[in-house]
Amino acid sequence: QQPVQSPQAVILREGEDAVINCSSSKALYSVHWYRQKHGEAPVFLMILLKGGEQKGHEKISASFNEKKQQSSLYLTASQLSYSGTYFCGTEYETSYDKVIFGPGTSLSVIP
Amino acid sequence: SQTIHQWPATLVQPVGSPLSLECTVEGTSNPNLYWYRQAAGRGLQLLFYSVGIGQISSEVPQNLSASRPQDRQFILSSKKLLLSDSGFYLCAWVSGERYEQYFGPGTRLTVT
Chain D
344 QQPVQSPQAV
354 ILREGEDAVI
364 NCSSSKALYS
374 VHWYRQKHGE
384 APVFLMILLK
394 GGEQKGHEKI
404 SASFNEKKQQ
414 SSLYLTASQL
424 SYSGTYFCGT
434 EYETSYDKVI
444 FGPGTSLSVI
454 P
Chain B
2 SQTIHQWPAT
12 LVQPVGSPLS
22 LECTVEGTSN
32 PNLYWYRQAA
42 GRGLQLLFYS
52 VGIGQISSEV
62 PQNLSASRPQ
72 DRQFILSSKK
82 LLLSDSGFYL
92 CAWVSGERYE
102 QYFGPGTRLT
112 VT
């Protein structure tokens with residue numbers, strides 16, 4: 344029931360791009376994306392609702408492919424502040440109101 | 002604006018002792034409320050969620066329980082803590098209008 348995230352970890356140099364994927368075997372109602380810094384609570388980035396929309400937030404954007412039950416988070420021209428663990432959270436059509444999180448993707452941006 | 006509070010921020014408790022963690026939300030009404038637990042270096046595990054006063058859904062059978070005595074208050078309890086209850090406990094709320102989920106600052110619990 345937990346969504347699958349890939350990759351598990353990624354190391355980038357400042358200015359490089361990254362893509363983090365989140366996929367589900369069940370029909371999705373929405374996908375949420377969060378970033379968590381070490382020792383802190385997760386911070387909401389964006390939510391994508393069923394309908395295949397794409398959203399943007401500064402240099403971070405995301406897409407939702409309803410057909411594939413998959414979402415991707417795009418980080419462009421990465422900055423040191425992007426470092427952290429990225430989680431996707433999914434709500435399923437059969438049980439919305441309940442967000443289930445993936446295992447997380449650790450992203451490290453180095454100078 | 003909406004804010005979410007959790008207390009205490011850190012807690013060290015012996016095995017077998019009781020637990021009570023509190024979460025309150027300000028600036029909104031009738032939010033969906035959630036309790037998550039995060040073990041060290043791991044992901045977020047959904048424990049309980051509530052869509053209204055007195056309405057609690059449990060996701061994981063364990064020695065924890067939750068209650069929602071007021072619209073913007075969510076309490077996590079245990080009668081007897083286990084070593085495996087150690088972790089970072091996070092409360093979250095969702096606005097019914099915007100579907101965005103926001104987390105409180107968390108309580109770091111160590112059971113010794």
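Chains D and B supply the protein sequences, listed in that same order. Mapped onto the working numbering, the consecutive letters of the first sequence carry residue numbers 344 to 454. Mapped onto the working numbering, the consecutive letters of the second sequence carry residue numbers 2 to 113. By construction, the Cβ of each residue, glycine as well, lies at the ideal position given by its N, Cα and C atoms.
Task: Residue nearest to B:Trp-8 in terms of C-alpha spacing, selected from B:Glu-27, B:Arg-69, B:Gly-107 and B:Asn-33 - done: On the second sequence, residue 8 of chain B is found 7 positions in, with the first residue counted as 1. When each option's Cα is compared against that of B:Trp-8, the closest is B:Gly-107.
TODO: State whether the stretch 83-92 of chain B contacts the stretch 26-45 of chain B, with contact taken as three or more CB pairs (one from each stretch) at a distance under 8 Å.
DONE: Result yes; three or more Cβ-Cβ pairs closer than 8 Å.
Task: Where D:Ser-373 meets chain B, residues with beta-carbon distance less than 8 Å - done: In the first sequence, the residue the question calls residue 373 of chain D occupies position 30. Neighbours of D:Ser-373 on chain B, chain order: Tyr-100.
Task: 7 Å Cβ cut-off: residues of chain B touching D:Gly-394 - done: Walking along the first sequence from the start, residue 394 of chain D turns up at place 51. Chain B residues near D:Gly-394: none, gap ~13 Å exceeds 7 Å.
Task: For B:Ser-21, three-class secondary structure by DSSP - done: Residue 21 of chain B sits at position 20 when you count from the first residue of the second sequence. Strand, per DSSP.
Open item on the list: Quick check on B:Tyr-50: does DSSP put it in helix, strand or coil?
Closed with: Within the second sequence, residue 50 of chain B is the residue found at index 49, counting from 1. Here B:Tyr-50 sits in strand by DSSP.
- [ ] Identify each residue in the stretch 399-432 of chain D for which the Cβ-Cβ distance to at least one residue of chain B is less than 8 Å, and report them in chain order.
- [x] Those would be Phe-430 and Gly-432, in chain order.
Task: Separation of D:Met-389 from D:Trp-376, as counted between CA atoms - done: One-based indexing of the first sequence puts residue 376 of chain D at position 33. One-based indexing of the first sequence puts residue 389 of chain D at position 46. Spanning the alpha carbons of D:Trp-376 and D:Met-389 requires a straight line of approximately 5 Å.
TODO: List the residues of chain B that D:Ala-384 touches, going by C-beta distances under 7 Å, in chain order.
DONE: Position 41 of the first sequence holds residue 384 of chain D. Ordered by position in chain B, the residues that pass the 7 Å Cβ test against D:Ala-384 are Leu-91, Phe-104, Gly-105, Pro-106 and Gly-107.
TODO: Compute the beta-carbon to beta-carbon distance between D:Leu-450 and D:Gly-427, rounded to the nearest angstrom, for a pair I have assumed lies under 8 Å.
DONE: Here residue 450 of chain D is taken as the residue at index 107 of the first sequence, counted from 1. Here residue 427 of chain D is taken as the residue at index 84 of the first sequence, counted from 1. Rounded, the Cβ-Cβ distance is 6 Å, consistent with contact.
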